[in-house]
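Numbering (UniProt numbering), first residue to last: 1 to 622.
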């Protein structure tokens with residue numbers, strides 16, 4: 001008697017299809033509008049560079065795949081396709097490791113379960129009732145999702161497949177345990193047919209993904225074909241171009257709104273230059289370029305390949321235009337933190353530790369032609385900065401012209417043994433001094449910021465007495481997105497100080513400004529100059545700090561200005577920071593040149609032409 005088999009038994013005996021991961025994705029994968037920029041059936045032809053990456057997952061000779069990529073370049077979805085193929089075609093215990101458990105929970109609900117529930121191929125395979133957010137159960141296997149900060153989850157399950165996502169954001173240690181990458185890898189050592197995938201945008205050259213990429217047996221770069229000459233080349237930022245006059249306009253422009261307008265024009269007009277035939281390529285050519293591209297191994301390819309690396313940037317993404325890459329660079333280039341994000345997330349390159357640093361000799365190269373104590377003819381205002389110490393104070397006096405061109409005209413120190421000495425010193429060196437132009441005109445300091453981080457009450461008292469010139473300031477110890485913040489001073493015991501404003505200065509951003517201007521030719525627009533014969537002691541204090549990259553406990557990488565060990569005091573650098581902020585408080589960065597005023601089509605009146613004359617009772621020096 002023959003007993004007929006049930007449909008379930010027949011389905012269980014059905015051999016897996018003979019298809020690749022990319023073919024499986026094209027046949028079964030569906031993207032939803034919730035997270036996909038282009039929802040609907042998956043099409044590998046939309047991002048053809050992902051085909052070889054996904055198909056390498058089933059190469060029997062490859063154990064490890066390293067993906068060093070730009071942001072939003074398709075790597076995570078490619079990894080999900082590899083996982084989906086594994087569930088359907090070659091089941092085995094799997095683990096996906098995210099930077100934290102919170103990210104793992106989000107990915108489970110919004111990525112993996114979204115993929116499983118929208119693709120019919122998983123019907124009858126996914127056991128939803130037996131699953132939870134961090135462990136998905138399937139017929140013949142499970143998928144554990146965990147965070148790199150959870151040593152218990154990493155060390156508790158034997159698995160055949162492991163996908164490590166965003167590994168440069170992992171903590172150095174999983175609690176008190178070893179490196180999370182090593183813990184995860186240990187879970188696979190009993191499986192001869194194991195597969196491990198490492199995915200991340202890079203951070204530093206010492207970061208996880210870059211070190212792993214360099215350790216691969218072979219590294220591939222995707223090269224595209226020029227539609228004009230047919231030659232192959234990798235997409236690189238150095239070949240993205242935009243009109244030269246826009247770069248010059250942006251360099252001379254200080255107004256934020258005007259700069260954003262110029263950047264928007266760059267985004268519309270940028271193009272890609274073929275490095276072979278120099279022809280102009282536009283975004284409309286990218287589809288053809290990607291479809292005719294191929295992965296090219298860098299260097300020789302060994303006979304036996306166990307670890308394969310793939311390296312590509314965000315320029316390859318069909319959703320990223322050449323103009324958007326150019327615009328992002330222009331928005332990021334003046335801020336080290338933003339520039340690091342651009343290099344890491346857009347270009348998929350490690351950020352080299354080219355920190356801001358100036359030796360005293362480099363500072364001395366900023367010496368100009370003006371004499372100490374004399375105001376250059378191009379100046380429109382004078383500001384000062386004062387750094388208060390226990391028994392002395394340091395000060396810097398700087399003149400400013402259009403484009404925030406500046407000239408050091410005086411610096412020094414005075415004693416501050418008690419409150420009276422402090423006020424007398426501020427009056428004698430800041431409030432009362434008179435400075436002269438070469439033609440005999442006289443002027444005084446318009447605005448001065450005085451450090452109130454030390455001897456705070458005495459500084460407040462002095463700023464009340466000389467409130468028309470002095471304002472208290474304090475360097476910020478927290479991250480800020482602007483040059484300063486205003487705070488009202490609340491001292492209930494002294495009613496005379498009601499309404500006194502204290503400024504919180506973004507010292508990091510202001511030091512970036514100073515070091516950035518230092519490289520300009522002395523006297524040129526936007527330059528930062530010293531007077532002739534400036535002593536070396538001044539330069540040594542300006543060069544007493546450098547900007548370094550530090551990694552926080554949470555794994556975040558950021559830049560910080562720190563004092564160089566063994567160097568002298570940094571009081572005059574602090575004074576320069578406050579003098580620069582004072583210039584911004586006076587809105588001097590909006591001050592146009594005479595040529596710019598004439599370009600507006602309105603001739604100058606005799607009254608406007610004499611605005612520097614303090615005797616007229618008008619203008620900046622009145």
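In this text, a Cβ means the ideal position worked out from N, Cα and C, and glycines have one as well.
Which same chain residues end up closer than 8 Å to residue i when comparing Cβ atoms and leaving out the 5 residues on each side of it in sequence?
i	result
residue 317	47, 70, 72, 73, 74
residue 44	22, 25, 26, 50, 51, 54
residue 577	385, 475, 505, 507, 510, 511, 514
residue 256	none
Report the residue from the options whose alpha carbon sits nearest the alpha carbon of residue i.
i	options	result
residue 322	241, 83, 570	241
residue 267	328, 229, 383	328
residue 56	81, 506, 34	81
residue 589	348, 142, 259, 148	259
residue 454	521, 571, 366, 519	571
residue 270	244, 477, 257	244
residue 414	436, 391, 320	391
residue 436	89, 306, 381	381
residue 541	517, 573, 535, 483	573
residue 163	139, 127, 112, 140	112
residue 314	488, 347, 139, 275	347
What does a CB cutoff of less than 6 Å around residue i pick up in its chain, not counting 5 residues either side in sequence?
i	result
residue 309	66, 213, 216, 219
residue 582	383, 447, 449
residue 34	none
residue 195	161
residue 4	none
residue 350	202, 204, 205, 210
Could you round the C-beta distance between residue i and residue j to whole angstroms and report it? I think they count as a contact, below 8 Å.
i	j	result
residue 426	residue 462	5 Å
residue 408	residue 530	5 Å
residue 371	residue 532	6 Å
residue 165	residue 96	7 Å
residue 273	residue 239	5 Å
Could you check the C-alpha separation between residue i and residue j for me, to the nearest Å?
i	j	result
residue 37	residue 17	30 Å
residue 209	residue 181	11 Å
residue 104	residue 122	21 Å
residue 523	residue 475	29 Å
residue 151	residue 31	33 Å
residue 64	residue 170	18 Å
residue 344	residue 211	14 Å
residue 6	residue 92	25 Å
residue 203	residue 569	33 Å
residue 312	residue 68	7 Å
residue 20	residue 226	29 Å
residue 339	residue 206	18 Å
residue 281	residue 376	49 Å
residue 28	residue 41	8 Å
residue 39	residue 115	12 Å
residue 129	residue 179	34 Å
residue 429	residue 517	26 Å
residue 559	residue 400	28 Å
residue 333	residue 119	43 Å
residue 439	residue 325	50 Å
residue 585	residue 249	24 Å
residue 335	residue 548	13 Å
With a threshold of 7 Å on Cβ separation, who are the neighbours of residue i within its own chain once the five nearest residues in sequence on each side are excluded?
i	result
residue 107	98, 145
residue 158	93, 187, 190
residue 285	227
residue 484	503, 504, 505, 506, 581
Are any of the Cβ atoms in chain C nearer than 8 Å to that of residue i?
i	result
residue 83	This model lacks chain C altogether; it includes just one protein chain.
Is residue j closer than 8 Å to residue i when the C-beta atoms are compared?
i	j	result
residue 200	residue 167	yes
residue 223	residue 237	no
residue 579	residue 398	yes
residue 464	residue 500	yes
residue 402	residue 197	no
residue 294	residue 229	no
residue 252	residue 525	yes
residue 394	residue 575	yes
residue 388	residue 416	yes
residue 364	residue 539	yes
residue 423	residue 434	no
residue 469	residue 431	yes
residue 134	residue 142	no
residue 185	residue 298	no
residue 331	residue 263	yes
residue 58	residue 88	no
residue 406	residue 561	no
residue 147	residue 100	yes
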